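>
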Amino acid sequence: MTEYMYEGMFLIDSNRYASDPDGTQQAVLGMLERVGASVVASRPWQEGKLCYPIEGHRKGLYYLACFKMDGSSMNELTRLSKLNEVVLRQLVLRHPKVIFDAMVDALTSHDGAIHSPEQKADREARGERAPGEEVVEETR
């Protein structure tokens, strides 16, 4: 069995999220854990008005998750998403490692700050700097 890297966008009921953010988040993450996915990064992305009503809802919250999972579990994830009361719609995309790593980096450091030593080492190895990060040069 091969493990692939995925980006999942889940449209969830924003009213439920407003009243119970931890419970709603746990419903999505629990669904991923149930199919054997290991979540690398996740966060609420954007709340807004929907173009058309979905199951009577006129607004929703997009929840973004990057995870690794065996490809054979995709049908079960789709089934669980349809049965989950919190999830209105879902879209899952498989990414190559380069794009997956960029997505995880964007999710974990959306403000441009470096949050872990591993991220800092990766960025330094690529010769990149975070936005607003100064280069300090020694003068003699």
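Every position in the sequence shown, counted from 1, becomes a number in our numbering once 173 is added.
Heads up, the beta-carbon is just placed ideally off N, CA and C, and yes, glycines get one too.
This one's a predicted model, so the numbers in the text were calculated from it and none came from an experiment.
1) In whole angstroms, what separates the C-alpha of C239 from that of S215?
2) So, at 8 Å on beta carbons, what are the nonlocal neighbours of Y177 in its own chain, with the 5 sequence-adjacent residues on each side left out?
3) If we call anything under 8 Å between Cβ atoms a contact, is E249 one with K232?
4) One question on the structure: do E297 and L261 come within less than 8 Å of each other, judged by their Cβ atoms?
5) Give the DSSP bridge partners of I227, in chain order.
Let me lay it out:
1) For this step, residue 239 is matched to residue 66 along the sequence shown. For this step, residue 215 is matched to residue 42 along the sequence shown. Cα-Cα distance, rounded: 6 Å.
2) Sequence index remark: in the sequence shown, residue 177 carries index 4 (1-based). Closer than 8 Å at Cβ, skipping near neighbours: K241, M242, D243, G244, R267.
3) Position 76 of the sequence shown holds residue 249. Position 59 of the sequence shown holds residue 232. No, the Cβ-Cβ distance between E249 and K232 is not below 8 Å.
4) As a working mapping, residue 297 is identified with position 124 in the sequence shown. As a working mapping, residue 261 is identified with position 88 in the sequence shown. No, the Cβ-Cβ distance between E297 and L261 is not below 8 Å.
5) In the sequence shown, residue 227 corresponds to position 54, counting from 1. Partner(s): H230.
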